[in-house]
Amino acid sequence: MCAANSPVAGRDGLAVLDAEEIRRALTRIAHEILERTHGGDEVILLGIPTRGVPLAYRLADRIAEFEKVVVPCGSLDVTMHRDDLRLHPARALGRTELPPEGVDGKTVVLVDDVLYSGRTVRAALDALNDLGRPRAVQLAVLVDRGHRELPIRADYVGKNLPTSQREVVRVLLAEVDGQDAVMIGEEEGQS
Amino acid sequence: MKRHLISAADLSRADALLILDTAEELAQLADRPIKKLPTLRGRTVVNLFYEDSTRTRISFEAAAKRLSADVINFSAKGSSVGKGESLKDTALTLEAMGADAVVIRHPASGAAHRLAGWVKGSVLNAGDGTHEHPTQALLDAFTIRRRLMGGPRRGPQGGRGGLGGTVSPQNRGGLGGASPRANTALDGLRVTIVGDVLHSRVARSNVLLLSTLGAEVTLAAPPTLLPLAVSSWPCAVSYDLDSELPKSDVVMMLRVQQERMNAAYFPSVREYSRRYGLDAARMARLPDHAIVMHPGPMNRGVEIAAEVADSSRSTIVEQVANGVTTRMAVLYLLLGGTEFPAVTQ
Chain A
0 MCAANSPVAG RDGLAVLDAE EIRRALTRIA HEILERTHGG DEVILLGIPT RGVPLAYRLA
60 DRIAEFEKVV VPCGSLDVTM HRDDLRLHPA RALGRTELPP EGVDGKTVVL VDDVLYSGRT
120 VRAALDALND LGRPRAVQLA VLVDRGHREL PIRADYVGKN LPTSQREVVR VLLAEVDGQD
180 AVMIGEEEGQ S
Chain B
0 MKRHLISAAD LSRADALLIL DTAEELAQLA DRPIKKLPTL RGRTVVNLFY EDSTRTRISF
60 EAAAKRLSAD VINFSAKGSS VGKGESLKDT ALTLEAMGAD AVVIRHPASG AAHRLAGWVK
120 GSVLNAGDGT HEHPTQALLD AFTIRRRLMG GPRRGPQGGR GGLGGTVSPQ NRGGLGGASP
180 RANTALDGLR VTIVGDVLHS RVARSNVLLL STLGAEVTLA APPTLLPLAV SSWPCAVSYD
240 LDSELPKSDV VMMLRVQQER MNAAYFPSVR EYSRRYGLDA ARMARLPDHA IVMHPGPMNR
300 GVEIAAEVAD SSRSTIVEQV ANGVTTRMAV LYLLLGGTEF PAVTQ
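Those protein sequences? They're chains A and B, same order as listed. For the first sequence, numbering that gives the first Met the number 0 begins at 0 and goes up steadily by one. For the second sequence, numbering that gives the first Met the number 0 begins at 0 and goes up steadily by one.
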């Protein structure tokens, strides 16, 4: 990783959100979830690996802090449901971990770091379909960078980030990368 | 990872761990209402079986079907093999039908290797003569890891990419308390493989794979049932089972393969059973945590006593269940990606 704690322009490009801004965005999303779901009743947060998972746990922590309600939290791996599997070598699977009560009849909030083509979310909807029948499914993302290829939208957005398709958006989180930041950079080669 | 799985020696430590970790995630599928994934939709897996098998064939079939692949079962009985068709011609027929993977069991050692030179798809060795049976070794390693390396987990993604730390403590460990951390190998475990090593493809694959994963393997068998070149295998050899038992974490009993025995390898079945059979008295000499494995089918009363096979230390039924998950992992990693996958880490 590059710098110790403050993101810098450089290899990863330009920092568009720093740790404080990410914290404020998540705080707002947590409030919005509470508002939209009538106090977090029957809500389950499912993070999409890798970086959606720590985001889901952070949101659950905020919600517990604000309203003293414990929102069950888990992870949903979508690898086996992706539509681009054959374009890459087979990849290692992430972990799917559902709260013991399952998803039936609950409001599931999917949590991911970046919303781009919408294909990951489509895969997540398929994966969820095999796990049970939620009452409703919502989507929370830290960054929405546009360029959707499917009719999918987010219910909760940390930051709308207009980008060009040639740019690369990277979300760094302390749990995975050692620091919190959202970086935007030029595409390097073919990625 | 290579395109084919012919020998356990084809797998590097990283490959083997990737397969075991993938299998660990896929094991959760057994608890779900819908035990199926769409991953291999439109791909065709042919089970080409020239030798009798229940467990392995059904296991591969279930694994492929759970990944939504189309499965064609071919058994030599009732096919053109009876009219004298050669393995190569059969292989070319399958090729023409568009098989993406061929799972082959054959009485001749090396058949899978030959087949790999003739077909475009992936070849998975499901047992060739007395040579190898790599998926059995993988499921055995998976079973050992689950039973003995299951230790307490840190969190939802324990050990995976350094995630952990600040993740909130709620709901953790809700599922699969027994599942080991990702990337756990079998370092330092002592595995004793007992019995008919000479005719056993399971023993050869296990010696290779378990030693790759860091286990210390000892073969315990009468001298007549050990292969000539055993000194070049990465394992120790003992003729005395009783002295090996107290220091074993795993005892793997092999079937006495009477159908492959064309000479007298031991004086009588009773004498073999008395020297190398695992009965309750011998089992009592094992450490408390040790497990007893058998690849099946068992000769109860010959290499393993019924009360041992049915005891809580025995993993024989688990091994069958784990076989499906492990084979799903192998099929996914070989067929799930691009046409010519290169899964190396």
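Cβ coordinates follow ideal geometry from the N, Cα and C atoms, glycine included. Everything numeric in this text was worked out from a predicted model, so none of it was measured.
Work out the CA separation of residue j and residue i for me, nearest whole Å.
i, j, result
"GLU392/B", "SER242/B", "Here chain B covers residues 0 to 344 and nothing more, so residue 392/B does not appear."
"GLY276/B", "HIS293/B", "12 Å"
"ALA8/B", "HIS132/B", "11 Å"
"PHE48/B", "LYS87/B", "14 Å"
"ASP20/B", "SER116/A", "29 Å"
"ARG42/B", "ALA98/B", "8 Å"
"ALA289/B", "ARG312/B", "7 Å"
"GLY128/B", "LYS105/A", "53 Å"
"GLN135/B", "MET79/A", "24 Å"
"THR55/B", "GLY322/B", "8 Å"
"LEU97/A", "GLY336/B", "26 Å"
"LEU16/B", "ALA62/B", "19 Å"
"ALA328/B", "GLU66/A", "42 Å"
"SER358/B", "THR92/B", "Absent from the model: residue 358/B. The displayed extent of chain B is 0 to 344, so no value can be given."
"VAL118/B", "ALA90/B", "7 Å"
"GLU314/B", "VAL249/B", "For clarity, residue 314/B is Thr in the given sequence; the question names Glu instead. Looking at the two C-alpha atoms, the distance is approximately 10 Å."
"LYS76/B", "ALA110/B", "18 Å"
"ALA202/B", "ASP125/A", "41 Å"
"TYR271/B", "LEU28/B", "42 Å"
"ASP154/A", "LEU36/B", "28 Å"
"GLN169/B", "ALA173/A", "With a pLDDT of only 34 at GLN169/B, under 50, the local geometry of the prediction cannot be trusted, and no value is derived from it."
"ILE33/B", "ASN128/A", "9 Å"
"PRO71/A", "ARG94/A", "16 Å"
"ALA283/B", "MET251/B", "15 Å"
"SER67/B", "ARG85/A", "15 Å"
"LEU171/A", "ARG326/B", "35 Å"
"SER231/B", "SER108/B", "19 Å"
Closest to residue i by C-alpha separation, out of the options, would be which residue?
i, options, result
"ALA100/B", "GLU215/B, LEU86/B and VAL70/B", "VAL70/B"
"ARG145/B", "PRO179/B, GLU258/B and ASN298/B", "PRO179/B"
"VAL120/A", "ASP103/A, GLY131/A, ARG81/A and LEU141/A", "ARG81/A"
"LEU240/B", "ALA263/B, ARG273/B, THR43/B and GLY213/B", "ARG273/B"
"ASP219/B", "GLY213/B, LEU227/B, VAL236/B and VAL206/B", "Inspection of the sequence shows that residue 219/B is occupied by Ala rather than by Asp. Looking at the Cα atoms, VAL236/B is the closest of the given residues."
"PRO233/B", "LEU334/B, ALA68/B, VAL190/B and ALA263/B", "VAL190/B"
"GLU185/A", "ARG94/A, ILE21/A and VAL168/A", "VAL168/A"
"LEU138/B", "SER204/B, SER230/B and ALA228/B", "SER204/B"
"PRO245/B", "ALA15/B, ARG281/B and LEU16/B", "ARG281/B"
"ALA263/B", "PRO221/B, LEU253/B and GLU302/B", "PRO221/B"
"LEU225/B", "TYR238/B, LEU147/B and LEU188/B", "TYR238/B"
"VAL291/B", "ALA140/B, SER267/B, GLY116/B and ILE18/B", "ALA140/B"
"VAL316/B", "LEU334/B, PRO296/B, TYR331/B and GLY300/B", "PRO296/B"
"GLU20/A", "LEU84/A, GLY46/A, THR162/A and VAL142/A", "VAL142/A"
"ARG269/B", "ILE303/B, ARG259/B and ASP287/B", "ILE303/B"
"VAL301/B", "ARG104/B, GLY149/B, GLU60/B and ASP278/B", "ASP278/B"
"SER310/B", "ASP287/B, LEU332/B and ALA320/B", "ASP287/B"
"ASP192/A", "VAL181/A, ILE28/A, VAL77/A and ARG94/A", "No answer is possible for residue 192/A: it lies beyond the span of chain A, which begins at 0 and ends at 190."
"THR162/A", "ARG147/A, ILE151/A and ILE32/A", "ARG147/A"
"SER85/B", "SER58/B, ARG113/B, ASN72/B and ALA68/B", "ARG113/B"
"LEU123/B", "PHE265/B, ASP30/B and LEU10/B", "LEU10/B"
"ARG35/A", "ALA18/A, GLU100/A, VAL108/A and HIS87/A", "VAL108/A"
"MET148/B", "GLY126/B, GLY116/B, GLY187/B and HIS198/B", "GLY187/B"
"ILE32/A", "LEU138/A, ALA14/A, ILE151/A and ALA123/A", "LEU138/A"
"GLY126/B", "MET260/B, SER230/B, ASN261/B and SER199/B", "SER199/B"
Does the CB of residue i have a neighbour CB from chain C at under 8 Å?
i, result
"LEU130/A", "This model lacks chain C altogether; the protein chains it does include are A and B."
- Query: For the stretch 69-97 of chain A, which residues have a beta carbon sitting closer than 8 Å to at least one beta carbon of chain B?
  - Reply: VAL69, PRO71, CYS72, GLY73, SER74, ASP76, MET79, HIS80, LEU84, ARG85, LEU86, HIS87, PRO88, ALA89, ARG90, ALA91, LEU92, GLY93, ARG94, THR95, GLU96 and LEU97
- Message: Would the stretch 2-13 of chain B count as touching the stretch 28-40 of chain A if we require 3 or more Cβ pairs under 8 Å?
- Response: no
- Query: Any contact of the stretch 48-67 of chain A with the stretch 103-113 of chain A, i.e. 3+ C-beta pairs under 8 Å?
  - Reply: yes
- In chain order, which continuous runs of the alpha helix (DSSP H) of length 4 or greater are located wholly inside the stretch 89-119 of chain B? 110-115
- Just by C-beta distance, which residues in the stretch 289-319 of chain B are closer than 8 Å to chain A? none
- Taking any Cβ of chain B, which residues in the stretch 138-155 of chain A have a Cβ under 9 Å from it, in chain order? none
- Query: Can you list, in chain order, the residues of the stretch 14-37 of chain B whose Cβ is nearer than 8 Å to any Cβ on chain A?
  - Reply: LEU17, ASP20, THR21, GLU24, LEU25, GLN27, ARG31, PRO32, ILE33, LYS35, LEU36 and PRO37
- Message: Below 8 Å, how does it come out for the stretch 129-137 of chain A and the stretch 95-104 of chain A: are there three or more Cβ pairs, yes or no?
- Response: yes
- Message: Within 8 Å, do at least three Cβ pairs link the stretch 14-32 of chain A to the stretch 147-162 of chain A?
- Response: yes
- Mind pulling the beta strand (DSSP E) runs of 3 or more residues that sit fully within the stretch 87-144 of chain A? 106-114 and 135-143
- Could I get the ranges of all uninterrupted beta strand (DSSP E) runs contained in the stretch 246-275 of chain B, with 3 residues as the minimum, in chain order? 249-252
- Item | Entirely enclosed alpha helix (DSSP H) segments - the stretch 34-78 of chain A, minimum 4 residues | 51-66
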